[in-house]
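Numbering-wise (our numbering), the sequence shown opens with residue 131 and increments by one.
Every residue, glycine too, gets a C-beta built ideally from N, C-alpha and C.
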Amino acid sequence: MLNDEQKMIFYGAIQLKTKMLSNKKNKEGSAFFYGVILIVFLMMTQSAIASDETKILQKATESPLSVSAKPSVGVYYYPWYRGDGSRSWFRRNRWRRSMRLHLKNPQKPKSGLYDSRDPKVIADHIEQSVRGGISFWAVSWWGPGEDTDDTFKNKILKHPDSSKLKYAILYESTGRLGRFSRPNYKRWISDLEYLKKNYFDDPRYLNINGRPVIFVYLSREYFRNKGQNALKQMRDKFPEIYLVGDDVFYGDGITEYKAEWARNFDAVTAYDVYGQSIGKLGGTRKAVEFLANNYRQAKKAANSVGTAFMPAIAPGYNDTAARKGHPGRARYFTDVENSKEGDIFREMLRKAALPNIDPSCDNIIMVTSFNEWYEDSQIEATAGTSPASSTDDSKSGTYYTGGQRYVDYGYLYLDILKEEIPESK
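Below you can see the structure in the form of structure tokens.
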């Protein structure tokens, strides 16, 4: 489609041609004419490119939300915490695996070092979720009769406030399907039978297009170029399941997400935000740009085979009190002067998540996580009473923090969600 400027150039060239060709003996004029045509063509091409670039820039600066595009926010929720009264030493001491308890000025959840089964804690977490505009919890599930199953089924869903949210299963594949190198799918179908019997018919269970949703953790390790028979069995026996794969991950900047990988799922997402952003590039703006580019490409690939895409964001990451090998990242930009707590989360939401929401899966944005304190990816409210700390109780004084500043942030992340997504469902 020509714009007005291009039309003027084109019609001017036509008039010039008419005038020249009226004198057929003027060979020089004819040669001159074709030279003019070439110049006009180049000018039009350059003009069209410039016009397209302008449109792209305009598109990038427009708000990613329209009136009809209302994002739905989901969070990964962990019901595995136990208080001091637990008979299990491991469960009582799980909280020690939280980096924030090792700070010089320890920072605790608003609910204290809680027991996930406590009705007051469940009520507080639901209230916090409503405050942040969160629509649903994807609840960590480790198998029938296991602790998380009991807490979800008999404590959370039986709580009088539970109807304020929707709920889905986060299928913990590492606890159900074995090792990456030699996965065992013998529990897969029986697990789905159990979930159907105990959860899917609950009116509070999350549905997309009338189908119950299951998130599969690390699907890329269990169902990429393997596990196809297990997936076929699932489709044959439970065609109603809406399967969401934790499938999008590429931190090397070279390997792009392939459409063929997305065919296995109804939607794909990324649990590990850290590994393809701030883990690789530090707390920098470039890390957020890298994540946004990953999501744009992954969404395009998934959509090309009819699979939906759910972008995901995270506030930060630090698992140094639980395991080794991952550099901790605080929650502010290290390459922006005077950057403050929450800036990375807000920028991920604006630049990586909102521009990549997908109406075919209800414009869902996932947050890693509501309360995974071991990895310091939680947005759950803290007490907000301790001074900021950059030192800890290690021998070096900075083993856990890496010298970075950690803030007792209170309701900050829930309020960022509400501010940035005012129309969230």
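Asked: Would you decide whether arginine 212 is buried or exposed? Buried here means 16 or more other CB atoms lie within 10 Å of its CB.; Found: buried
Asked: Look up leucine 243 in the DSSP assignment and say whether it is helix, strand or coil.; Found: coil
Asked: Measure the Cβ-Cβ separation of tyrosine 558 and valine 497 and say whether it is below 9 Å.; Found: Since the displayed the chain opens at 131 and closes at 555, residue 558 lies outside it and no answer follows.
Asked: Measure the C-alpha to C-alpha separation of proline 194 and lysine 388 and round it to an integer number of angstroms.; Found: Reliability fails at proline 194, whose pLDDT of 44 lies under 50, so the model's placement of it is uncertain and the value that follows must be treated cautiously. Roughly 25 Å between the two C-alpha positions.
Asked: With a threshold of 8 Å, are at least 3 pairs of Cβ atoms found where one atom belongs to the region 426 to 433 and the other to the region 392 to 405?; Found: yes
Asked: Less than 8 Å between C-beta atoms, sequence neighbours within five positions excluded: which residues of the same chain meet that for arginine 334?; Found: Leu287, Ser292, Ser293, Leu295, Lys296, Tyr297
Asked: Check phenylalanine 345 in the structure and name its three-state DSSP category.; Found: strand
Asked: Per DSSP, serine 333 is paired with what?; Found: What sits at residue 333 in the sequence shown is proline, not serine. Beta-bridge pairing links proline 333 to no other residue.
Asked: Does the region 239 to 259 come close enough to the region 509 to 520 to have 3 or more Cβ pairs within less than 8 Å?; Found: yes
Asked: Buried or exposed: where does arginine 365 fall if 16 or more other Cβ atoms within 10 Å of its Cβ makes it buried?; Found: exposed
Asked: Does DSSP put glycine 275 in a helix, in a strand, or in coil?; Found: coil
Asked: Give me whichever residues DSSP pairs with methionine 440 in a beta bridge.; Found: Thr399
Asked: Could you please give the first and the last residue of the uninterrupted alpha helix (DSSP H) stretch that includes leucine 421?; Found: 415 to 433
Asked: How should glutamate 323 be labelled, buried or exposed, when 16 other C-beta atoms within 10 angstroms of its C-beta is the threshold for buried?; Found: exposed
Asked: Whole angstroms are fine: how far does the CA of glycine 540 sit from the CA of glutamate 257?; Found: 14 Å
Asked: At 4 residues or longer, what runs of the alpha helix (DSSP H) sit wholly inside the region 346 to 391?; Found: 349 to 352, 358 to 367
Asked: Evaluate contact between the region 252 to 270 and the region 295 to 315, counting only Cβ atoms and requiring at least three cross-stretch pairs below 8 Å.; Found: yes
Asked: Just the Cα atoms here: how many angstroms apart are tryptophan 225 and alanine 253?; Found: 20 Å
Asked: What residue from Gln406, Val251, Pro236 has the CA that sits closest to tyrosine 208's CA?; Found: Val251
Asked: Restricting to Cα atoms, I'd like to know which of Tyr347, Arg317, Ser311, Pro274 is closest to lysine 327.; Found: Pro274
Asked: What residues in its chain sit with their C-beta under 6 Å from that of glutamate 550, if we drop five residues either side in the sequence?; Found: Leu479
Asked: In chain order, what residues of the same chain lie with their CB nearer than 8 Å to the CB of serine 202, ignoring the 5 residues before and after it?; Found: Ser265, Phe266, Asp492, Asn493, Ile494, Ile495, Ser554, Lys555
Asked: Once you ignore the five residues that flank tyrosine 347 on each side, which residues in its own chain have a CB closer than 8 Å to its CB?; Found: Leu300, Tyr301, Glu302, Ser303, Thr304, Asp376, Tyr401
Asked: Taking buried to mean at least 16 other C-beta atoms within 10 Å of its own C-beta, is lysine 362 buried or exposed?; Found: exposed
Asked: I'd like to know whether the C-beta atoms of glutamine 534 and arginine 459 end up nearer to each other than 9 Å.; Found: yes
Asked: By DSSP, does glycine 409 sit in helix, in strand, or in coil?; Found: helix
Asked: Starting from leucine 322, trace the alpha helix (DSSP H) both ways and give me its first and last residue.; Found: 318 to 325
Asked: Whole angstroms is fine: what's the gap from phenylalanine 439's alpha carbon to tyrosine 372's?; Found: 13 Å
Asked: Taking only the alpha-carbon atoms, compute the straight-line gap between leucine 544 and lysine 470 and give it to the nearest angstrom.; Found: 16 Å
Asked: DSSP on isoleucine 494, reduced to helix/strand/coil?; Found: strand
Asked: By Cβ distance below 7 Å, which residues in the same chain neighbour tyrosine 315 in space, the five residues on each side in sequence not counted?; Found: Leu307, Gly357, Ala360
Asked: Quick check: threonine 450 and glycine 532, are their CB atoms within less than 9 Å of each other?; Found: yes
Asked: Check the DSSP bridge columns for alanine 298 and list the partner residues they point to.; Found: Ala268
Asked: Can you check DSSP and say which residues form a bridge with aspartate 522?; Found: Leu233
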